Amino acid sequence: MDDHQHADDDGAEESSGPSPSPSRQGIQSVEIAMTVLLALEQNAGPASLTQVAALSGMQPSKVHRYLVSLSRVGLVSQSPSSGLYDLGPAMRRLGAEALRRMDEVGLASEYLPGLRDRTKHAVNLAVWGDHGPVIVRWDYGSYALPITVRVGATLPVLASSVGRVYLTHLPKTLTDPVIRAQDATFEQRLTDEDIEGIKAGVRRDGVAITSGGVIPGVTSVAAPVFTTGQSLPLAVAIALPARAATQAVLRTVTAELLETTKAMSVELGHHAPEPAASTGRTPAKTGRPAKHRP
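Shown next, in the form of C-alpha coordinates:
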(Lines of atoms letter the chains of each structure in order from A and count residues from 1; the text may use other names and numbers.)
(Lines give C-alpha, C1' and ligand atoms only; values in the text may rest on other atoms or scores of the structure.)
Protein backbone atom coordinates (compact mmCIF):
# COMPACT_ATOMS: atom_id res chain seq x y z
CA MET A 1 0.00 0.00 0.00
CA ASP A 2 1.54 3.32 -1.03
CA ASP A 3 1.43 6.72 0.69
CA HIS A 4 -1.72 7.76 -1.12
CA GLN A 5 -3.67 4.72 0.06
CA HIS A 6 -3.02 4.83 3.79
CA ALA A 7 -6.03 5.54 5.95
CA ASP A 8 -6.01 8.11 8.77
CA ASP A 9 -7.26 7.41 12.27
CA ASP A 10 -10.85 8.10 11.19
CA GLY A 11 -10.80 5.68 8.29
CA ALA A 12 -10.66 8.38 5.62
CA GLU A 13 -8.49 7.80 2.58
CA GLU A 14 -5.39 9.95 2.63
CA SER A 15 -5.95 11.51 -0.77
CA SER A 16 -7.88 14.75 -0.41
CA GLY A 17 -10.98 14.25 -2.53
CA PRO A 18 -11.09 12.91 -6.09
CA SER A 19 -7.79 13.52 -7.85
CA PRO A 20 -7.56 13.39 -11.64
CA SER A 21 -3.78 12.97 -11.56
CA PRO A 22 -1.15 11.75 -9.03
CA SER A 23 0.28 15.27 -8.81
CA ARG A 24 -2.98 16.42 -7.17
CA GLN A 25 -2.98 13.71 -4.50
CA GLY A 26 -1.96 14.46 -0.95
CA ILE A 27 -1.95 13.21 2.63
CA GLN A 28 -5.21 14.21 4.28
CA SER A 29 -3.93 13.66 7.81
CA VAL A 30 -1.14 16.19 7.19
CA GLU A 31 -3.71 18.76 6.09
CA ILE A 32 -5.81 18.06 9.20
CA ALA A 33 -2.74 18.43 11.42
CA MET A 34 -2.08 21.81 9.81
CA THR A 35 -5.66 22.82 10.63
CA VAL A 36 -4.95 22.07 14.29
CA LEU A 37 -1.75 24.13 14.19
CA LEU A 38 -3.57 27.03 12.54
CA ALA A 39 -6.20 26.88 15.28
CA LEU A 40 -3.44 27.34 17.87
CA GLU A 41 -2.09 30.28 15.87
CA GLN A 42 -5.56 31.82 15.60
CA ASN A 43 -6.03 31.61 19.35
CA ALA A 44 -2.94 33.84 19.77
CA GLY A 45 -1.95 32.09 22.99
CA PRO A 46 -2.21 28.82 24.95
CA ALA A 47 -5.53 27.05 24.33
CA SER A 48 -7.53 24.27 25.88
CA LEU A 49 -8.54 21.15 23.97
CA THR A 50 -12.09 22.52 23.75
CA GLN A 51 -10.85 25.80 22.26
CA VAL A 52 -8.65 24.06 19.70
CA ALA A 53 -11.53 21.79 18.70
CA ALA A 54 -13.89 24.74 18.27
CA LEU A 55 -11.40 26.74 16.21
CA SER A 56 -10.53 23.77 13.99
CA GLY A 57 -14.14 22.64 13.56
CA MET A 58 -13.45 19.08 14.72
CA GLN A 59 -14.50 16.83 17.57
CA PRO A 60 -12.29 17.08 20.70
CA SER A 61 -11.48 13.34 20.60
CA LYS A 62 -10.12 13.66 17.07
CA VAL A 63 -8.21 16.86 17.86
CA HIS A 64 -6.67 15.21 20.92
CA ARG A 65 -5.12 12.44 18.82
CA TYR A 66 -3.53 15.00 16.52
CA LEU A 67 -2.27 17.06 19.47
CA VAL A 68 -0.61 13.96 20.93
CA SER A 69 1.23 13.26 17.67
CA LEU A 70 2.17 16.89 17.14
CA SER A 71 3.50 17.04 20.70
CA ARG A 72 5.69 13.99 20.10
CA VAL A 73 7.53 15.77 17.27
CA GLY A 74 7.76 19.11 19.07
CA LEU A 75 5.32 21.08 16.93
CA VAL A 76 2.96 21.44 19.91
CA SER A 77 3.68 21.67 23.62
CA GLN A 78 1.38 21.17 26.61
CA SER A 79 1.82 22.96 29.90
CA PRO A 80 2.25 20.46 32.77
CA SER A 81 0.52 22.85 35.18
CA SER A 82 -2.43 24.22 33.18
CA GLY A 83 -2.81 21.50 30.57
CA LEU A 84 -3.12 24.15 27.85
CA TYR A 85 -1.63 23.61 24.41
CA ASP A 86 0.61 25.99 22.49
CA LEU A 87 3.00 25.97 19.53
CA GLY A 88 6.07 23.93 20.41
CA PRO A 89 9.85 24.38 20.14
CA ALA A 90 10.10 22.68 16.74
CA MET A 91 7.52 25.09 15.36
CA ARG A 92 9.48 28.05 16.71
CA ARG A 93 12.66 26.76 15.09
CA LEU A 94 10.88 26.29 11.78
CA GLY A 95 9.39 29.77 11.97
CA ALA A 96 12.72 31.40 12.75
CA GLU A 97 14.42 29.57 9.90
CA ALA A 98 11.63 30.50 7.47
CA LEU A 99 12.04 34.15 8.42
CA ARG A 100 15.82 33.94 8.02
CA ARG A 101 15.44 32.58 4.50
CA MET A 102 12.75 35.01 3.39
CA ASP A 103 13.68 37.62 0.81
CA GLU A 104 10.86 40.12 1.24
CA VAL A 105 11.78 42.29 -1.74
CA GLY A 106 12.32 39.27 -3.97
CA LEU A 107 9.01 37.67 -3.05
CA ALA A 108 7.06 40.91 -3.46
CA SER A 109 8.79 41.66 -6.77
CA GLU A 110 7.31 38.51 -8.29
CA TYR A 111 3.88 40.17 -8.24
CA LEU A 112 4.89 43.38 -10.00
CA PRO A 113 4.89 42.20 -13.65
CA GLY A 114 1.35 40.87 -13.26
CA LEU A 115 0.15 44.13 -11.71
CA ARG A 116 1.80 46.08 -14.52
CA ASP A 117 0.26 43.87 -17.20
CA ARG A 118 -3.25 44.09 -15.72
CA THR A 119 -3.21 47.87 -15.32
CA LYS A 120 -0.89 48.73 -18.27
CA HIS A 121 0.77 51.35 -16.05
CA ALA A 122 4.22 51.62 -14.47
CA VAL A 123 4.63 49.98 -11.07
CA ASN A 124 7.32 50.36 -8.45
CA LEU A 125 8.37 48.85 -5.14
CA ALA A 126 9.91 50.82 -2.26
CA VAL A 127 11.50 50.10 1.11
CA TRP A 128 12.23 52.43 4.01
CA GLY A 129 15.81 53.72 4.10
CA ASP A 130 17.81 56.01 6.36
CA HIS A 131 16.60 59.12 4.52
CA GLY A 132 13.09 58.05 3.52
CA PRO A 133 11.44 55.69 1.02
CA VAL A 134 13.84 54.19 -1.51
CA ILE A 135 12.80 52.77 -4.89
CA VAL A 136 14.16 49.24 -5.26
CA ARG A 137 12.29 48.22 -8.42
CA TRP A 138 10.54 50.04 -11.25
CA ASP A 139 8.68 48.37 -14.13
CA TYR A 140 7.55 50.65 -16.95
CA GLY A 141 4.05 50.26 -18.36
CA SER A 142 2.45 50.91 -21.72
CA TYR A 143 2.04 54.66 -21.14
CA ALA A 144 4.96 57.04 -21.54
CA LEU A 145 5.90 59.06 -18.45
CA PRO A 146 7.95 62.29 -18.40
CA ILE A 147 10.53 60.69 -16.10
CA THR A 148 13.34 58.19 -16.06
CA VAL A 149 13.30 56.61 -12.64
CA ARG A 150 16.55 55.46 -11.08
CA VAL A 151 16.47 52.49 -8.75
CA GLY A 152 17.88 53.72 -5.44
CA ALA A 153 16.18 57.12 -5.65
CA THR A 154 14.79 58.49 -2.38
CA LEU A 155 11.24 59.86 -2.42
CA PRO A 156 9.85 62.71 -0.29
CA VAL A 157 7.69 61.59 2.61
CA LEU A 158 5.01 64.30 2.37
CA ALA A 159 4.82 64.88 -1.38
CA SER A 160 4.83 61.31 -2.72
CA SER A 161 2.16 58.63 -2.44
CA VAL A 162 4.76 56.08 -1.31
CA GLY A 163 6.03 58.53 1.31
CA ARG A 164 2.52 59.06 2.62
CA VAL A 165 2.04 55.31 3.01
CA TYR A 166 5.12 55.18 5.22
CA LEU A 167 4.03 58.35 7.01
CA THR A 168 0.83 56.54 7.97
CA HIS A 169 2.17 53.12 8.90
CA LEU A 170 5.53 53.86 10.53
CA PRO A 171 6.04 55.38 13.99
CA LYS A 172 6.70 59.11 14.18
CA THR A 173 10.11 58.40 15.73
CA LEU A 174 11.16 57.16 12.28
CA THR A 175 9.29 59.57 10.03
CA ASP A 176 9.63 62.90 11.91
CA PRO A 177 13.43 63.22 11.55
CA VAL A 178 13.18 62.49 7.82
CA ILE A 179 10.34 64.99 7.39
CA ARG A 180 12.37 67.67 9.17
CA ALA A 181 15.36 67.01 6.93
CA GLN A 182 13.28 66.99 3.75
CA ASP A 183 10.98 69.88 4.65
CA ALA A 184 13.67 72.45 3.89
CA THR A 185 13.29 71.65 0.20
CA PHE A 186 9.52 71.16 0.27
CA GLU A 187 7.87 74.27 -1.12
CA GLN A 188 4.59 73.94 0.75
CA ARG A 189 5.00 73.36 4.47
CA LEU A 190 2.20 71.26 5.95
CA THR A 191 0.83 71.83 9.44
CA ASP A 192 0.51 69.03 11.98
CA GLU A 193 -3.22 69.09 11.31
CA ASP A 194 -2.59 68.66 7.58
CA ILE A 195 -0.31 65.69 8.23
CA GLU A 196 -2.83 64.01 10.52
CA GLY A 197 -5.46 64.51 7.83
CA ILE A 198 -3.23 62.78 5.27
CA LYS A 199 -2.70 59.81 7.59
CA ALA A 200 -6.40 59.54 8.34
CA GLY A 201 -7.17 59.47 4.62
CA VAL A 202 -4.65 56.71 3.93
CA ARG A 203 -6.02 54.62 6.80
CA ARG A 204 -9.57 55.16 5.56
CA ASP A 205 -8.92 54.40 1.88
CA GLY A 206 -6.09 51.89 2.18
CA VAL A 207 -4.09 53.87 -0.40
CA ALA A 208 -2.39 57.23 -0.85
CA ILE A 209 -2.95 59.17 -4.07
CA THR A 210 -0.88 62.16 -5.18
CA SER A 211 -0.79 64.09 -8.44
CA GLY A 212 2.19 66.17 -9.46
CA GLY A 213 3.66 65.94 -5.96
CA VAL A 214 7.02 64.68 -7.22
CA ILE A 215 6.85 64.94 -11.00
CA PRO A 216 4.41 67.29 -12.79
CA GLY A 217 1.94 65.40 -14.94
CA VAL A 218 2.21 62.11 -13.02
CA THR A 219 -0.42 60.67 -10.69
CA SER A 220 0.65 57.95 -8.26
CA VAL A 221 -1.38 55.49 -6.18
CA ALA A 222 0.47 53.62 -3.40
CA ALA A 223 -0.45 50.96 -0.84
CA PRO A 224 1.47 49.17 1.93
CA VAL A 225 2.69 45.57 1.93
CA PHE A 226 2.74 44.23 5.47
CA THR A 227 5.21 41.63 6.65
CA THR A 228 5.76 39.52 9.75
CA GLY A 229 6.72 40.54 13.25
CA GLN A 230 8.18 44.02 13.63
CA SER A 231 9.45 44.26 10.05
CA LEU A 232 8.86 47.58 8.33
CA PRO A 233 6.32 47.38 5.51
CA LEU A 234 7.10 47.62 1.86
CA ALA A 235 5.13 49.94 -0.40
CA VAL A 236 3.92 49.42 -3.96
CA ALA A 237 2.83 52.24 -6.25
CA ILE A 238 1.30 52.58 -9.69
CA ALA A 239 2.36 55.65 -11.69
CA LEU A 240 0.20 56.89 -14.55
CA PRO A 241 -0.07 60.05 -16.67
CA ALA A 242 -2.24 62.59 -14.87
CA ARG A 243 -4.28 63.08 -18.04
CA ALA A 244 -5.27 59.40 -17.90
CA ALA A 245 -6.13 59.42 -14.20
CA THR A 246 -9.92 59.69 -14.49
CA GLN A 247 -12.08 58.61 -11.56
CA ALA A 248 -12.98 55.40 -13.37
CA VAL A 249 -9.34 54.58 -14.09
CA LEU A 250 -8.31 55.36 -10.51
CA ARG A 251 -11.03 53.04 -9.17
CA THR A 252 -9.80 50.20 -11.37
CA VAL A 253 -6.13 50.83 -10.62
CA THR A 254 -6.78 51.11 -6.88
CA ALA A 255 -8.74 47.86 -6.80
CA GLU A 256 -5.96 46.00 -8.61
CA LEU A 257 -3.33 47.51 -6.32
CA LEU A 258 -5.17 46.60 -3.12
CA GLU A 259 -5.82 43.06 -4.34
CA THR A 260 -2.15 42.61 -5.23
CA THR A 261 -0.70 44.11 -2.04
CA LYS A 262 -3.05 41.94 0.01
CA ALA A 263 -1.69 38.85 -1.78
CA MET A 264 1.87 40.09 -1.24
CA SER A 265 1.20 40.55 2.47
CA VAL A 266 -0.14 37.01 2.78
CA GLU A 267 2.93 35.72 0.92
CA LEU A 268 5.18 37.50 3.42
CA GLY A 269 3.40 35.98 6.42
CA HIS A 270 1.03 38.79 7.43
CA HIS A 271 -2.21 37.33 8.77
CA ALA A 272 -4.15 40.24 10.28
CA PRO A 273 -7.11 41.19 8.06
CA GLU A 274 -6.83 44.64 6.51
CA PRO A 275 -9.81 46.98 6.81
CA ALA A 276 -11.78 47.39 3.62
CA ALA A 277 -11.57 50.72 1.86
CA SER A 278 -14.52 52.96 2.69
CA THR A 279 -14.50 55.20 -0.36
CA GLY A 280 -17.18 53.38 -2.29
CA ARG A 281 -14.61 51.49 -4.31
CA THR A 282 -15.34 47.85 -4.99
CA PRO A 283 -12.08 45.91 -5.42
CA ALA A 284 -12.02 43.79 -8.52
CA LYS A 285 -12.24 40.08 -7.76
CA THR A 286 -9.13 39.20 -9.67
CA GLY A 287 -8.09 36.38 -7.36
CA ARG A 288 -4.52 35.83 -6.31
CA PRO A 289 -2.27 37.26 -9.00
CA ALA A 290 -0.13 34.81 -10.88
CA LYS A 291 3.50 35.11 -9.91
CA HIS A 292 6.07 36.12 -12.50
CA ARG A 293 9.77 35.85 -12.05
CA PRO A 294 11.42 39.24 -12.56
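Take 27 as the starting number for the sequence shown in my numbering and just add one per residue. For each residue, glycine too, the CB sits at the ideal point set by N, CA and C. Please read all numbers here as calculations on a predicted model, not as lab measurements.
- Residue burial is scored here from C-beta neighbours: Val99 has fewer than 16 other C-beta atoms within 10 angstroms and is therefore classed as exposed.
- Distance check between Ser237 and each of Leu294, Arg190 and Arg230 places Arg190 closest, using alpha-carbon atoms only.
- Closest by C-alpha distance to Phe252, out of Gly243, Lys225, Thr286 and Ile224, is Thr286.
- Ranked by Cα distance from Thr145, the first of Ser246, His296 and Gly52 is Ser246.
- Contact between the stretch 68-85 and the stretch 108-121 is present: three or more C-beta pairs spanning the two stretches fall below 8 Å.
- If you draw a straight line from the Cα of Leu196 to the Cα of His90, it comes to about 42 Å.
- Counting other Cβ atoms within 10 Å of its Cβ, Val177 stays below 16 and is therefore classed as exposed.
- Within the stretch 66-125, the complete alpha helix (DSSP H) runs of at least 4 residues fall at 75-82 and 86-98.
- For Ala289, the enclosing alpha helix (DSSP H) stretches over residues Gln273 to Glu293.
- Non-local C-beta neighbours of Pro250 in its own chain, meaning closer than 6 Å and more than five positions away in sequence, comprise Val191, His195, Pro259 and Ala261, ordered along the chain.
- Nearest Cα to Thr280 within the set Ala263, Leu216, Pro172 and Asp202: Ala263.
- Exclusion of the five residues before and after Leu216 leaves Leu184 and Ile224 as the residues of its chain whose Cβ lies within less than 8 Å of its Cβ.
- Around the beta carbon of Thr76, a 10 Å sphere encloses fewer than 16 other beta carbons of the protein chains shown; the residue is thus reported as exposed.
- Comparing alpha carbon positions, the residue from Thr180, Ser168, Leu66 and Gly140 closest to Trp154 is Thr180.
- Going by beta carbons, Gly158 and Val204 fall inside the 8 Å limit.
- For Arg163, the enclosing beta strand (DSSP E) stretches over residues Gly158 to Asp165.
- Between Val102 and Ser82, the C-beta gap is not smaller than 8 Å, which leaves the two residues out of contact.
- The beta carbon of Leu171 sits closer than 7 Å to the beta carbons of Ala148, Val244, Ala265 and Pro267 from its chain, once the five residues preceding and following it are set aside; these are given in chain order.
- Only residues of its own chain outside the window of five on either side were considered, and among them Val62, Leu75, Val78, Val102, Gln104 and Tyr111 have a CB closer than 8 Å to the CB of Leu93, listed in chain order.
- In the same chain as Tyr166, and ignoring 5 residues on each side of it, the C-beta atoms closer than 7 Å to its own belong to Ala148, in chain order.
- As summarised for the stretch 183-252, the continuous beta strand (DSSP E) elements at least 3 residues long and confined to that stretch are 234-237 and 244-251, given in chain order.
- Distances from the alpha-carbon of Ile241 to those of Met84, Val175 and Met117 put Val175 closest.
- For Thr61, DSSP assigns no beta-bridge partner whatsoever.
- Bridge pairing for Gly155: Gly158 [DSSP].
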